[in-house]
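Offset between the sequence shown (1-based) and my numbering: plus 1495. Heads up, the beta-carbon is just placed ideally off N, CA and C, and yes, glycines get one too.
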Amino acid sequence: MTKIHNLGFPRIGAKRELKFALESYWNGESSRDELKALGKQLRRRHWQAQSGLDWVPVGDFAFYDQVLDMSFTLGNLPERVQGFHGDALDNYFRVARGRSAQSAPETAPCCSGVAAGEMTKWFDTNYHYIVPEFTAATEFKLDAARLLEQLAEAKAQGVAAKPVIIGPVTYLWLGKAKDDSHKLELLPKLLPIYVELLETLAAAGVEWVQIDEPILVTELDAVWQDAFNTAYHHLRACRVKLLLATYFGQLAENRSLAANMPVAGLHVDAVNGRSDVLLLLGMLPEHMTLSLGVINGRNIWKTDLNAVLDWLEPVARQLGERLWLAPSCSLLHVPVDLDSERKLDAEIKSWLAFARQKLAELRLLGIALNQGRAAVKAELDANRAAIETRRVSVRVNNSAVKAALAGITPQMAQRKSPYAQRAVKQAALLNLPKFPTTTIGSFPQTAEIRLARSQFKSGKLDEAGYKAIMRAEIARCVREQEVLGLDVLVHGEAERNDMVEYFGEQLAGYAFSQSGWVQSYGSRCVKPPILFGDISRPRPMTVEWIGYAQSLTGKPMKGMLTGPVTILNWSFVRDDQPRSVTCKQLALAIREEVLDLEGAGIGVIQIDEAALREGLPLRRSQWQAYLDWAVESFRITTGGVADETQIHTHMCYSEFNDIIAAIADMDADAITIETSRSDMELLDAFEHFNYPNGIGPGVYDIHSPNIPSERHIVALMHKAAERIPAERLWVNPDCGLKTRQWPEVIPALTQMVAAAKTLRATLG
Ligand code: GLN
Ligand code: ZN
């Protein structure tokens, strides 16, 4: 009998119940007991949703983050919160958010003196975890209370519980040494705690423990490979059976390392790593269970169940009892329930599967393998029909788009002249001072703007009324910027809810869910739009707003677009063609918009690529291939404009060391980046690499309510000028201003403009 199981379930709730409960608790509007009760209720409901599985994950629920939970289980709390004697949950939130509950609001200067734990991306997903902190002196101490409590709840509910923990090697890998020690030196101290934890679970009657080691899909050097051997030989005597879980890609060169771990079972991502599976079959020890992640836990498409069975049946015959089936990874990365979608187009809906539907697919596969396909014939036929309608749908396939893609020439990705020549022509036309000032695009999104947008969406406000409000807002933005004396103006983005959704809504090939929320971090969720078909742009998307803004001023107005790579990386995208193809389709659509803006007399156009870096593959060996098509896509958007048109791009980070050549290759006339908090240190990349074009290192930290002083900005720019010639420097904030308030923005930008004047006088 093939067993079916799950690796993790989305914890936020189909209606984002956890988000609202957390925020109400943090605001002091509800009690700790109410929050805990809600957590319990969600766990109960989510286990119910997983009924019929042979093993159900327990411990995948977290109030904030599963890595932070693991840190608490291992007693690895940052030193700064160790003296806290209050409630354990409050201490947990202090690490997560930098303060306890019932303290100052988000905008307060600081947080009862406790800095929040650093947050970073969970592998190549859009989920962010709290980075464990280590020093050579770190000591661990088991606290299994949370896990045992959830285990007891699961048992009381009759759930076939399989506790989920993060493995010791991945746990160390995820963390950060705060001194110059090597994290792996902690392994000998850490392993006894894992032994104790596993023994505690065994004593609680646990049979299998899922121990997640996703770093096995990344490139590991000899030291880290060795750590796996050390760790798992140390744990082999434990009385529980370990299912070593890897996901988010292929094992590739780590295949034999994984296959030779002394564990009872191994889970692999069979969506991205089917070739791994066939090779693994030949090398697995005879006793080892192989769990295959055959349903994509990262995307929202229905699985082609018949195709999966075609390759799975021979594997099942070979493995017999030793075969388990699961989603490729935890379902944390997909929305909860497609059935909550009331407005989604019925045909598109028939192509989709969210977490609950993916588990239904898993059950079907289990029955088909154990009882034969005939036992679920009707379901398999329905699945085949859905897959087939999607494949041939005219809404997915647009021959004109395919032809345009085939017609992309190298010249289309090439500006007419090199930067140096363009710069001269642009200078003559734009007539900007040295150290020109600009902003990144958005201005504060006030309550009135949000209200107008939502009333327009729900039909309470007609188009004329909506446009009038937006125009008034644009006019206000332009007026304020003129008074401030900024050099290149923006329209302020009042009409945009979100920098990707705004464009998705206007492109053909996109659909939107109502409740397709996915946790990003803590209580924050995102609702990625669904890119289902060939992408085209039926009509201009921004020209009317930008044109209006330009009509109000004699200064250059910057057109504002989101780039193809960012649109791609922040959407659920097609699984029926390579990401590179989808990206180039997006690029062609944005290119049309760029040309229309230029045609409307807009001389400066910014194309944001906020998510370019985060799209980097997990394996470095695959970086270049990604960067090649990502950069080419960007260049396609800009390659059609005249030399005189100045192209800007923006990225919300400045870890450029490893991708700086690719950034330069994008050949934007100016790039604005985030640097203010790091004191320009992050510009180090530009010291070793002679970045050839214009650059605006952010001088105003828009994440903070603090107003930077003129002196501080001047000092930052002096540091920048040590690395980049002054004539190529721009003065601007780190990122868009939409989360700030006008009363903060005005004085901050006043200081920024004053600083630019000082710079012109001293460095100019
Ligand atoms: N133009 C966008 C803004 O100003 C850029 C946002 C971003 O980079 N995330 O809001
Ligand atoms: Zn940004």
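Annotated three-state conformation of GLY2054 is strand, per DSSP. Rounded to whole angstroms, VAL2068 and GLY1792 show a C-alpha spacing of 13 angstroms.
LEU1533 places its beta carbon less than 9 angstroms from that of LEU1513. Bounds of any alpha helix (DSSP H) do not take in VAL1735, whose DSSP letter is neither H nor E. With contacts defined by Cβ atoms closer than 9 angstroms, LYS1797 and ALA1873 do not form a contacting pair.
Bridge pairing for PHE1629: ALA1672 [DSSP]. Ranked by Cα distance from THR2133, the first of ALA2163, GLU2139, GLU1883 is ALA2163. Beta-bridge partners of PRO1505 (DSSP): none assigned.
HIS1500 and LEU1820 have their C-alpha atoms spaced approximately 6 angstroms apart. In the structure shown, TYR1622 falls within a coil segment according to DSSP collapsed to helix, strand and coil. Contact check between the segment 2203 to 2214 and the segment 2244 to 2251: three or more CB pairs, one atom from each, fall below 8 angstroms, which counts as touching. When C-alpha distances from GLU1634 are compared across VAL1590, ASN1621, LEU1686, HIS1623, the shortest belongs to LEU1686. Measuring C-alpha to C-alpha distances from TRP1719 to each of LYS2214, LEU1752, ALA1672 identifies LEU1752 as the nearest. The beta carbon of PRO1780 sits closer than 8 angstroms to the beta carbons of ALA1754, ASN1755 from its chain, once the five residues preceding and following it are set aside; these are given in chain order. TRP2237 has its alpha-carbon roughly 19 angstroms from the corresponding atom of VAL1983. Nearest neighbour of PHE1743 by Cα position, chosen from ASP1771, GLY2058, ARG1769, VAL1712, turns out to be VAL1712.
Excluding the 5 residues flanking it on each side, TRP1668 has same chain C-beta neighbours closer than 6 angstroms at ILE1710, in chain order. Not one heavy atom of the ligand ZN is found less than 8 angstroms from the C-beta of ILE2102. Here the alpha carbons of VAL1871 and LEU1860 stand approximately 9 angstroms from one another. Put simply, the backbone Cα of ARG1539 is about 11 angstroms away from that of ARG1506. Counting along the chain, the unbroken alpha helix (DSSP H) around SER1949 starts and ends at 1942 to 1952.
Note that the C-beta distance between ASP2091 and THR2057 is not below 9 angstroms.
If you check the C-beta of LEU2232 against the ligand GLN, you find a heavy atom less than 8 angstroms away. Between the segment 2065 to 2081 and the segment 1948 to 1957 there are fewer than three inter-stretch CB-CB distances shorter than 8 angstroms, so the stretches are not counted as touching. Per the C-alpha coordinates, the member of GLU2093, LEU2107, ARG2130 positioned closest to TYR2121 is LEU2107.
Going by beta carbons, ILE2168 and GLY2191 fall inside the 9 angstroms limit. In the structure shown, GLN1906 falls within a helical segment according to DSSP collapsed to helix, strand and coil. Restricted to the segment 2117 to 2200, the alpha helix (DSSP H) segments that are unbroken, complete and at least 4 residues in length are 2118 to 2133, 2155 to 2160, 2180 to 2183, listed in chain order. In the three-state reduction of the DSSP assignment, MET1994 falls in the coil class.
Counting of Cβ neighbours within 10 angstroms places GLU2182 among the exposed residues, the total staying below 16. The beta carbons of GLY2135 and LEU1826 sit about 42 angstroms from each other, so the pair does not count as a contact at 8 angstroms. Listed as beta-bridge partners of ARG2019 by DSSP are TYR2016.
Taking 4 residues as the shortest admissible run, the segment 1787 to 1856 contains the following complete alpha helix (DSSP H) segments, listed from N- to C-terminal end: 1800 to 1814, 1841 to 1844. The way I'd put it, the segment 1970 to 1981 doesn't touch the segment 1992 to 2007; fewer than three beta-carbon pairs between them come closer than 8 angstroms. Here SER1676 has ALA1631 as same chain residues with Cβ atoms under 6 angstroms from its own Cβ, once five neighbours each way along the sequence are excluded. Look at ILE1688: its beta carbon is at least 8 angstroms from all of the heavy atoms in the ligand ZN.
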